[in-house]
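Student: Residue numbers (my numbering), protein chains in the order written: chain B, 687 to 1120; chain L, 687 to 1120. Virtual Cβ for every residue (Gly too), placed ideally from N, Cα, C. These numbers come from a predicted model, not from an experiment.
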């Protein structure tokens, strides 16, 4: 149980990049030419069939920096028994994250924090495979004290005490089995971002909207922020295609000043968006709070660039975040996301994870499923983001049916990529880069 | 003028580390064994006597990550004419900082932002040398519009408009010559952190206090945060040595929860500290505001780990920062620090820069001098930090007289290290590491 007898013997880090900039996939007001990339880690044990995989998602240049940081973190756990990590996973996380020399480069942010997250998630992938369970189930079936033992609550004391966190987890105990049945039956609701990238032509947007509606999607997100008149035109186009009753969301990718966000959303409000995502700089808690007060009932959504649990805490305290968009790769892995899920549950804010990129959909489905089963206990008002790129490279890709994610069933965190994909997209050496 | 005819032809990045952990220099509640380090950059022109030097300060492991990021940024400016950068320095800064693929790793934080800062400061060093002026004078003698043209005010609009910034700079025009005379006569007041590191014995602390008092120091900072009883004992010791009238400051290096900071400072208040520095996590604007309200009249000081101008803006808006401790190496170089100096002036908060480490004293003396001459116009209530380590490695080290920094006179940013020091402390190859 819990990795006894399994020792981490070695690791391999790979710089994986997809030349997505060629097709304008992922283009938005801030990111014009992303090459979706992964600082990819494989943890090896004595059994070549028993490996842990994890990745940090980046959009191109600098992926090598994450790889270098990932090597430094990974070297520290070679020779460790898996059980020695998982029996006090929160303490282990705090120890790794607290390395004082590395901490100077953050703390809790940027390249080193993203690399920490990739390592932590690779350990969870290994742990779940050893236990023979999908990650969401591994966590959901833990007792409340066990879950809490994975979490470092440091610096959260003025928002969430240990006792409150435990109480939240305990009150989610009732009904776990029923909620798992609900997920098995109907999956977890999702929305699509694939229709509304800035780089797409009007015809392509219309066609994608029609396809998505006929595939059963009910939530659609469009990119805004480059030019207001263009945003208004495209919003009208999409609203006309999806009708008045389906959900439209808008994403400004940090493009605006606070006053600009408020003014622009007053105009875009006519198309009845559910939320405006990343209206301004992702570190600006007080700015988001100002926008949230001004644009209600439109909600402010943010989180994909939120560096750590201390920033999430403040967004929630300040009512600056009406929708909490956790990201699987930005913070220090699953352990830190458990802290953030607990905070969001405490403040009653729905979690709608950021996804897309490479592997983010694969990762975050587990987070939303375990949140529903074991933390918030709620699915209402929550949606998972879905983007239909690059899933073919994964061994156990997400499965979507009628606009819902289906429960992952294979052991692990669903993040393992196919060996042939790793070879082909290996940066500078793979055939995709020759 | 402004670098016309000077082209950046090449660059060299060096990983420089000092084995300071051997002597407990720099030890505090969070950083037990720092090896003071520098990701060090030399920008080369056609004239081997005309080079720009810059560095990012780190405390050991991970310095190589900053070096790698610094190489990526530096490669982008090879072949550029210096004048093409300096004629729209704010626009150039925004362009480099806005590289969308690199920005994903921040934005505006961590390894990539520190590397950007080192490059930007190296450009300023070159610029000042070409102009034959110390950096502080180069900036202080610019017209208000020229200074403002160096600054990217993005995301600051809800706190500081362009018009307000210009007005601040214009009102500092009067009296510049007089303030330069003041600096020439009496320098800029400083305080010493050299007496109070956690790793020092009581006898050493007493001896250092006595020496510092006899050298004319009037401000003393001690480290706290490891153990309250020990903090109380050492505070009593230091207060007894320095007397009731000299200034005592305390620095917790992010060790406490919010409630813990408040409780502990209520006990430590008996020793009458002027400020408590970094009481909790450096990203916690709202937490610092809570502490600031509870511990007044003791001020809350922070900033050395504040990642960018957007966080500084919020600390000022929320009255969470009674003393603004800018750092020369954490944010994106001088251009971003100019934005922060303008914000602090707008909110009337004194700037007392963080120093110590390697080269921070050399850097920040210029920031405080130019703030006094050309931005806030004030010196009252402001002090520069001083730590007496590692100055011998610099070509133009700081000069201290009776507890005051003396005006730097050599052209440049004072950050150039001696070739023999660079060779000796070159990580893994220099004689210090053999």
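Do we get a CB-CB distance below 9 Å when we pair residue 970 of chain L with the residues of chain B?
Tutor: So yes, residue 970 of chain L belongs to the interface.
Student: Using a Cβ-Cβ cut-off of 6 Å (strictly less than) and excluding sequence neighbours within five positions of residue 698 of chain B, which residues of its own chain qualify?
Tutor: The answer, listed in chain order, is 728.
Student: Do residue 918 of chain L and residue 1032 of chain L count as a contact pair if the criterion is CB distance below 9 Å?
Tutor: In this structure, residue 918 of chain L does not lie closer than 9 Å to residue 1032 of chain L by Cβ.
Student: Determine whether the Cβ of residue 851 of chain L lies closer than 9 Å to any Cβ atom of chain B.
Tutor: Not closer than 9 Å to any Cβ of chain B, the Cβ of residue 851 of chain L fails to qualify, so no.
Student: Beta carbon of residue 796 of chain L, beta carbon of residue 1014 of chain L: below 9 Å?
Tutor: No, they are not a contact pair.
Student: Only counting runs of 4 or more residues, tell me where the alpha helix (DSSP H) segments fall wholly within the region 1025-1106 of chain B, in order along the chain.
Tutor: For the region 1025-1106 of chain B, whole alpha helix (DSSP H) runs of length 4 or above, ordered along the chain, are 1046-1056.
Student: How many whole angstroms separate the CB atoms of residue 981 of chain B and residue 951 of chain B, which I take to be in contact at a CB cut-off of 8 Å?
Tutor: With 8 Å as the limit, residue 981 of chain B and residue 951 of chain B qualify as a contact, their Cβ atoms being about 5 Å apart.
Student: Among the residues of its own chain, which have a CB less than 7 Å from the CB of residue 1109 of chain B, if the five just before and after it don't count?
Tutor: Answer for residue 1109 of chain B: 1116, listed in chain order.
Student: According to a CB-to-CB cut-off of less than 9 Å, which residues of the region 971-1002 of chain L neighbour chain B?
Tutor: Listed by position along the chain: 971, 972, 973, 976, 991, 993, 994, 996, 997, 999, 1000.
Student: Output yes or no for whether 9 Å exceeds the beta carbon distance between residue 1100 of chain L and residue 1066 of chain L.
Tutor: Against a cut-off of 9 Å, the Cβ pair of residue 1066 of chain L and residue 1100 of chain L comes out as no contact.
Student: What does the alpha-carbon distance come out to for the pair residue 756 of chain B and residue 830 of chain L?
Tutor: Between residue 756 of chain B and residue 830 of chain L, the C-alpha separation is close to 45 Å.
Student: For my contact list, residue 1042 of chain B and residue 1011 of chain B are in at a C-beta cut-off of 8 Å; report their separation, rounded to the angstrom.
Tutor: Wrong, their Cβ atoms sit about 11 Å apart, outside the cutoff.
Student: Grab the span of the alpha helix (DSSP H) containing residue 875 of chain B for me, first residue to last.
Tutor: Per DSSP, residue 875 of chain B belongs to no alpha helix (DSSP H); it is in the beta strand (DSSP E), 874-882.
Student: If I measure Cβ to Cβ from residue 745 of chain L and keep anything under 7 Å in the same chain, skipping five residues before and after, which residues do I get?
Tutor: The residues are 717, 720, 721, 722, 723.
Student: Taking all protein chains shown into account, decide if residue 762 of chain B is buried (16 or more other Cβ within 10 angstroms of its Cβ) or exposed.
Tutor: That one is exposed.
Student: Can you tell me whether residue 875 of chain B is buried or exposed? The criterion is at least 16 other CB atoms within 10 Å of its CB, across all chains shown.
Tutor: Buried, since its Cβ has 16 or more Cβ neighbours within 10 Å.
Student: Do residue 969 of chain B and residue 700 of chain B have their C-beta atoms closer together than 9 Å?
Tutor: Not closer than 9 Å, so no.
Student: Would you list, in chain order, the members of the region 790-815 of chain L that have their beta-carbon closer than 8 Å to a beta-carbon of chain B?
Tutor: Within the region 790-815 of chain L, the qualifying residues are 790, 791, 792, 793, 794, 795, 796, 797, 798, 799, 800.
Student: Measure the alpha-carbon distance for residue 771 of chain B versus residue 778 of chain B and round it to whole angstroms.
Tutor: Those two C-alpha atoms are separated by around 6 Å.
Student: Is the Cβ-Cβ distance between residue 858 of chain L and residue 1059 of chain L less than 9 Å?
Tutor: Yes, these two residues count as a Cβ contact at 9 Å.
Student: Per DSSP, what kind of secondary structure is residue 1008 of chain B in: helix, strand or coil?
Tutor: If DSSP states are grouped into helix, strand and coil, residue 1008 of chain B belongs with coil.
Student: Considering just the uninterrupted stretch of the alpha helix (DSSP H) at residue 896 of chain B, what are its terminal residues?
Tutor: It spans 888-900 - the alpha helix (DSSP H) in which residue 896 of chain B sits, taken as one unbroken run.
Student: Going by DSSP, what residue range makes up the beta strand (DSSP E) through residue 723 of chain L?
Tutor: That run of the beta strand (DSSP E) goes 723-730.
Student: Threshold first: 4 residues or longer. Then list the alpha helix (DSSP H) segments lying entirely within the region 735-791 of chain B, N to C.
Tutor: Segments of the alpha helix (DSSP H) lying fully in the region 735-791 of chain B: 749-761, 768-772, 775-783, 786-789.
Student: Cα separation between residue 920 of chain L and residue 910 of chain L?
Tutor: Rounded to the nearest angstrom, the two C-alpha atoms are 9 Å apart.
Student: In the region 939-952 of chain B, which residues sit with their C-beta less than 8 Å from some C-beta in chain L, listed in chain order?
Tutor: Answer set for the region 939-952 of chain B: 940, 943, 944, 945, 946.
Student: I want to see whether chain B comes within less than 9 Å of residue 754 of chain L, judged by CB atoms only; does it?
Tutor: Yes, because at least one Cβ of chain B sits closer than 9 Å to the Cβ of residue 754 of chain L.
Student: I need the straight-line Cα distance from residue 1082 of chain L to residue 851 of chain L, nearest angstrom please.
Tutor: For residue 1082 of chain L and residue 851 of chain L, the distance between alpha carbons rounds to 32 Å.
Student: Pull up the CB-CB distance for residue 1023 of chain B and residue 775 of chain B, whole angstroms please, since I reckon it's below 8 Å.
Tutor: Actually they are not in contact, since the Cβ atoms of residue 1023 of chain B and residue 775 of chain B sit about 13 Å apart, beyond 8 Å.
Student: Given 8 Å as the limit, is there contact between the region 1084-1100 of chain B and the region 899-910 of chain B, that is, 3 or more CB pairs closer than that?
Tutor: These segments touch.
Student: Determine whether the Cβ of residue 720 of chain L lies closer than 9 Å to any Cβ atom of chain B.
Tutor: Yes - at least one Cβ of chain B is within 9 Å of the one on residue 720 of chain L.
Student: Leaving out five residues on either side along the sequence, give the residues of the same chain with a beta carbon under 7 Å from the beta carbon of residue 707 of chain L.
Tutor: For residue 707 of chain L, where only same-chain residues beyond five positions count, the Cβ hits under 7 Å are 719, 720, 721.
Student: Give the residues from the region 719-753 of chain B that approach chain L closer than 9 Å (Cβ to any Cβ), ordered along the chain.
Tutor: Listed by position, the residues of the region 719-753 of chain B near chain L (Cβ gap below 9 Å) are 719, 720, 721, 723, 743, 744, 745, 746, 747, 748, 749, 750, 751, 752.
Student: Report back the beta-carbon spacing between residue 844 of chain L and residue 816 of chain B to the nearest angstrom; my notes put them in contact at under 8 Å.
Tutor: At roughly 50 Å, the Cβ-Cβ gap does not stay under 8 Å, so residue 844 of chain L and residue 816 of chain B are not in contact.
Student: According to a CB-to-CB cut-off of less than 7 Å, which residues of the region 833-857 of chain B neighbour chain L?
Tutor: Per Cβ criterion, the list reads 841, 843, 844.
Student: So is residue 985 of chain L buried or exposed if we call it buried at 16+ other beta carbons inside 10 Å?
Tutor: Buried.
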